[in-house]
Amino acid sequence: MAVTNRDMANAVRALSMDAVEAAKSGHVGLPLGMADAATVLFRKFLKFDPKDPNWADRDRFVLSAGHGSMLIYSLLHLTGYASVSRDDIRNFRQLGANTPGHPENFVTLGVETTTGPLGQGIATAVGMAIAERHLNARFGNDLVDHRTWVIAGDGCLMEGVSQEAITLAGHMKLNKLIVLFDDNAVTIDGSTDLSDSTDQCARFEASGWISRRVDGHDEKDVEAALKWATKQKKPVFLAVKTIIGFGAPKLAGTGKAHGGPYGAEEIDGIRKSLDWPHAPFEVPEAIEKAWAKAGERSQAEHAAWKKRLTASPHKGEFNAAIAGRLPKNLGKAVIKHKKAVAEGGASKATRVWSGEALEVITGLVPEMVGGSADLSGSNNTKTSHTAPMTPKSWDGRYIHYGVREHAMAAAMNGMALHGGIIPYSGTFLVFADYSRAAIRLGALMGTQVVHVMTHDSIGLGEDGPTHQPVEHVASLRAMPNMIVFRPADGVETAECWELALHRNEGPSTMALTRQNVAPARKTHTDENLSAKGGYVLSPAGKGKERGVLIATGSEVEIALKAQALLAEEGIAVRVVSMPSMELFGLQDAAYRAQTLGKDLPKVAIEAGVRFGWDRWIGAEGGFVGMDSFGASAPYQKLYQHFGITAEAAVAAIKERL
Numbered sequence: 001m002a003v004t005n006r007d008m009a010n011a012v013r014a015l016s017m018d019a020v021e022a023a024k025s026g027h028v029g030l031p032l033g034m035a036d037a038a039t040v041l042f043r044k045f046l047k048f049d050p051k052d053p054n055w056a057d058r059d060r061f062v063l064s065a066g067h068g069s070m071l072i073y074s075l076l077h078l079t080g081y082a083s084v085s086r087d088d089i090r091n092f093r094q095l096g097a098n099t100p101g102h103p104e105n106f107v108t109l110g111v112e113t114t115t116g117p118l119g120q121g122i123a124t125a126v127g128m129a130i131a132e133r134h135l136n137a138r139f140g141n142d143l144v145d146h147r148t149w150v151i152a153g154d155g156c157l158m159e160g161v162s163q164e165a166i167t168l169a170g171h172m173k174l175n176k177l178i179v180l181f182d183d184n185a186v187t188i189d190g191s192t193d194l195s196d197s198t199d200q201c202a203r204f205e206a207s208g209w210i211s212r213r214v215d216g217h218d219e220k221d222v223e224a225a226l227k228w229a230t231k232q233k234k235p236v237f238l239a240v241k242t243i244i245g246f247g248a249p250k251l252a253g254t255g256k257a258h259g260g261p262y263g264a265e266e267i268d269g270i271r272k273s274l275d276w277p278h279a280p281f282e283v284p285e286a287i288e289k290a291w292a293k294a295g296e297r298s299q300a301e302h303a304a305w306k307k308r309l310t311a312s313p314h315k316g317e318f319n320a321a322i323a324g325r326l327p328k329n330l331g332k333a334v335i336k337h338k339k340a341v342a343e344g345g346a347s348k349a350t351r352v353w354s355g356e357a358l359e360v361i362t363g364l365v366p367e368m369v370g371g372s373a374d375l376s377g378s379n380n381t382k383t384s385h386t387a388p389m390t391p392k393s394w395d396g397r398y399i400h401y402g403v404r405e406h407a408m409a410a411a412m413n414g415m416a417l418h419g420g421i422i423p424y425s426g427t428f429l430v431f432a433d434y435s436r437a438a439i440r441l442g443a444l445m446g447t448q449v450v451h452v453m454t455h456d457s458i459g460l461g462e463d464g465p466t467h468q469p470v471e472h473v474a475s476l477r478a479m480p481n482m483i484v485f486r487p488a489d490g491v492e493t494a495e496c497w498e499l500a501l502h503r504n505e506g507p508s509t510m511a512l513t514r515q516n517v518a519p520a521r522k523t524h525t526d527e528n529l530s531a532k533g534g535y536v537l538s539p540a541g542k543g544k545e546r547g548v549l550i551a552t553g554s555e556v557e558i559a560l561k562a563q564a565l566l567a568e569e570g571i572a573v574r575v576v577s578m579p580s581m582e583l584f585g586l587q588d589a590a591y592r593a594q595t596l597g598k599d600l601p602k603v604a605i606e607a608g609v610r611f612g613w614d615r616w617i618g619a620e621g622g623f624v625g626m627d628s629f630g631a632s633a634p635y636q637k638l639y640q641h642f643g644i645t646a647e648a649a650v651a652a653i654k655e656r657l
């Protein structure tokens, strides 16, 4: 008896419901409903090789509705991925298993991106599709020609980030992006009618997509739709009509089908409904073999691709891009640039110094793809080497994201996960709040992304407190696996960019000034002093050392002025520049103590809130900064008004002598 698509889909359903039931938690409604459509996708359309999950030209599959994680775990296991064993499925949601509650790409090989926060998957997939088009333009069809497939649910499409993402994708005509919408008309609270009445097909078409409605439980209809989707010149949205909790006698089609264990009685009913008389976690041999065959369907295509890569004149360049290798002459170029900056002695905003560093770096690193959320002139993220990326010129290296901070951050995650691109982009630091969910996921996943965040303090000035970030640097510093750089001048800015480019285990944030800053580093050194996060910028002068001033960014200038004022009174203090608290915290205790000075009173100066500083200055240390929101005025007056001055720093030191 031939194995049918429904037989194979039922294996996915069975493993999913057995895993959730064993864990006594999870979400089986989506796997039960989408199993038929997902089986057609994996059997006949998805290009992948379980023996080489990192094949560069594989299709990317994103389960945006990450709560339905057992769908992807079942598919990975049945198609032959070594990363998901039957024991992993038996131990779904248990510590140590490769089957966490929501898909995590850093845990389970074959999972392309971490999902769960709804909307993140579809927005990340847009970045993957952008990466594919860009690398295709660079290396040609022989090396890069694949699709990005997404399964998304109602929740993904309600989240605001989805609107940002789909309008960007439609505008950029990402025809290799195909979304399968699990159109089950049910949310946790009940019918979607409770909260939404959007015609999703009309919405996507208005955003530049092409759509089609599909019966998700009809194999032939799904296959015809997927075949049609691969031939379109726009991104494709398929409204796949399904029954959530398919096969469940009492729960199918209801809000209760969304999540939680169904219970033994309902699971027995599903087995009878599906004609699946097998024990939990048991799959008949014939169905196992059919799935194994599906997992082998792209092996010949993979082998042909390997031959093309071997013969390609772009082989070395392609491999270097995918591996993220930086050019050998990058370090020398940064040193040369630093020397010129130090000797030039100019006062400029660090956002401007960042642009000048990028001019050097983007000319040497073709993998760098920049952008801005409609603030290119303010963020200084566009260089002479980064022409705009458009549907007519995919080889461009600059994306005009429009006012879409959240989707921008998520798309950068997707580009980094895809490989072959080191993405960076700019917005104002205060708008890190708009993109925080994507920034956090990037930190969780360890994506190499650089977030350029300018206008980093009350130094923004006249635009006022709505645009003046006072808590944002502290907030980003609190995020695990995030490195925040707040450089003091042009030299430190170049050093921080070099460090961000060498950091391939997580994202970096560049907090940069709007206002000009005086040069802090006037003597050139080849060594990257910012690499240790903090260092003695200006040693104490003559006499016994009495204290330490620690500052970041634009306030290093204030610290140096305060040092000079104290010296006039015969009080010797050192100035420590701390461009990265996180990197400083990674240094050994001896270096930290040597830099900060043992038993010396300490005062920190930063135009933000104190939160996080007590680790370095102690609870009794002085802090010259903000304890409120800002105000609208020229920045010089704001610094005086809020008492962030050299005189205030002097007074804070004297209080502690």
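Just so you know, we're using full-length UniProt numbering here: the sequence shown kicks off at 1 and counts up by one. Ideal Cβ positions, reconstructed from N, Cα and C, are used throughout, including at glycine.
With a beta-carbon spacing of about 16 angstroms, Ala-264 and Ala-257 fall beyond the 8 angstroms limit used to define contacts. Under the rule that a run must span 4 or more residues, the alpha helix (DSSP H) segments found entirely inside the stretch 337-393 read 350-362, 376-379. Between Gly-119 and Cys-156, the C-beta spacing is below 8 angstroms. From the listed residues Ala-19, Val-548, Asp-49, the smallest Cα separation to Glu-296 is found for Asp-49.
For Leu-638, the closest C-alpha among the options Glu-620, Ser-85, Gly-608 is that of Gly-608. Here the alpha carbon of Leu-364 sits roughly 38 angstroms from the alpha carbon of Tyr-81. Per the coordinates, the alpha-carbon of Thr-383 lies some 17 angstroms from the alpha-carbon of Leu-501. Look at Ala-590 here: in three-state DSSP terms it is helix. The alpha carbon of Asp-52 has as its nearest neighbour, out of Gly-553, Arg-610, Trp-305, the alpha carbon of Trp-305.
Judged by DSSP secondary structure, His-451 falls within the beta strand (DSSP E) whose first and last residues are 450-454. Within the stretch 162-219, the complete beta strand (DSSP E) segments at least 3 residues long are 177-183, 210-215, listed from N- to C-terminus. If you compare the alpha carbons of Glu-505, Ala-14, Ile-335 with that of Arg-90, the shortest gap goes to Ala-14. Looking from the CA of Arg-212, the closest CA among Ile-188, Asp-183, Leu-194, Asp-189 belongs to Asp-183.
The stretch 185-198 makes no contact with the stretch 420-432; the number of CB pairs closer than 8 angstroms stays below 3. The three-state secondary structure of Leu-63, taken from DSSP, is strand.
Beyond the five residues adjoining it in sequence on each side, His-418 comes within less than 6 angstroms, by CB distance, of Met-128, Ala-131 in the same chain, given in chain order.
Annotation: Ser-197 to Ser-191 spans about 11 angstroms, alpha carbon to alpha carbon. Between Leu-76 and Val-12, the C-beta spacing is not below 8 angstroms.
By the Cβ neighbour-count rule, Ser-195 is exposed, with fewer than 16 other Cβ atoms within 10 Å of its own. Counting of Cβ neighbours within 10 angstroms places Gln-640 among the exposed residues, the total staying below 16. About 7 angstroms separates the CB atoms of Ile-644 and Glu-555; that is less than 8 angstroms, so the two are in contact. Separation of the CB atoms of Phe-485 and Ser-372 is rounded to 18 angstroms, and the pair is thereby denied contact status at 8 angstroms. If you draw a straight line from the Cα of Ala-290 to the Cα of Leu-358, it is about 52 angstroms long.
Per DSSP, reduced to three states, the secondary structure at Val-283 is coil, with no helix or strand assignment. The DSSP-derived three-state label of Arg-404 is coil. Between Ser-162 and Ile-122, the beta carbon gap of about 6 angstroms places them in contact (Cβ cut-off 8 angstroms). Shortest Cα-Cα distance from Lys-598 to any of His-455, Ile-617, Glu-471, Asp-18 involves Ile-617. For Phe-106, the number of other beta carbons within 10 angstroms of its own is below 16, and it is reported as exposed.
Contact annotation, Val-473 with Pro-423: C-beta distance approximately 22 angstroms; criterion of less than 8 angstroms not satisfied. Per DSSP, the beta bridge partners of Leu-549 are Val-575, Val-603.
If the five residues before and after Thr-390 are omitted, its C-beta is found closer than 7 angstroms to the C-beta atoms of Gly-396, all from its own chain and listed in chain order.
If you look at Met-510, you'll find it in the beta strand (DSSP E) that goes 508-511. For Phe-428, the enclosing beta strand (DSSP E) stretches over residues 422-428. Residue environment analysis places Phe-611 among the exposed positions, since fewer than 16 neighbouring C-beta atoms fall within 10 angstroms of its C-beta. Only exposed fits Thr-230, as fewer than 16 other CB atoms lie within 10 angstroms of its CB.
For the 8 angstroms CB-CB criterion, Val-62 and Val-150 form a contact.
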